[in-house]
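Engineer:
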Amino acid sequence: MLNEFKAFIARGNVMDLAVGVIIGGAFGGIVKSLVDDLIMPIVGAIFGGFDFSNYFLPLSSAVNAPSLAAARAQGAVFAYGSFLTVLINFLILAWIIFLMVKGVNILRAQVERQEKAAPEELPPPPADVQLLTEIRDLLAKRPTA
């Protein structure tokens, strides 16, 4: 059973999937930092605040805290700023993945066009056909009497 597991893990598809998950996790961190550290402060500045993720609506009269973390400790809140941050994060990640897939599809289409455009080389005729062709050519060159 251990050998079967080793064979399963060593297959290309499983290794490709593992690498993809690891790179995807790291890439998700990059996109999260892009959104949290670069995009959301600009959006927050446009809308009048620098910490967009702290925008929330209290759903209880007991909530009067200025920050989202403290407000959540006091009671129920509608954390739309945090949701918008995650939504923008997702949209940027989806857009980048779309562009990557589109690029790969363009490259595949170019390779397919090149393969179709290249003339197919005919295999050489069998030896007996070559011999008969040579005999025919020699007979055609002989003077007729």
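Numbered per our numbering, the sequence shown spans residues -11 to 133.
Glycine included, C-beta positions come from ideal geometry on N, C-alpha and C.
Everything numeric in this text was worked out from a predicted model, so none of it was measured.
#1: With a threshold of 7 Å on Cβ separation, who are the neighbours of N77 within its own chain once the five nearest residues in sequence on each side are excluded?
#2: L45 by DSSP, collapsed to three states: which one?
#3: Rounded to whole angstroms, what is the Cα-Cα separation between M88 and D4?
#4: Could you check whether G63 and S48 sit closer than 9 Å to each other, using their CB atoms as the reference points?
#5: DSSP on F86, reduced to helix/strand/coil?
#6: Rounded to whole angstroms, what is the Cα-Cα separation between P107 and R101?
#7: Beta-carbon separation of P46 and V74 under 9 Å?
#8: Whole-angstrom Cβ separation of F(-4) and V2, contact assumed at under 8 Å?
Structural biologist: In short, the structure shows the following:
#1: The answer, listed in chain order, is V19, K20 and V23.
#2: The answer is strand: DSSP assigns L45 an E or B state.
#3: Roughly 17 Å between the two C-alpha positions.
#4: Cβ atoms of S48 and G63: closer than 9 Å.
#5: It is helical.
#6: Taking the Cα positions, P107 is about 12 Å away from R101.
#7: For the 9 Å CB-CB criterion, P46 and V74 do not form a contact.
#8: That belief holds up - the Cβ atoms of F(-4) and V2 are roughly 6 Å apart, short of 8 Å.
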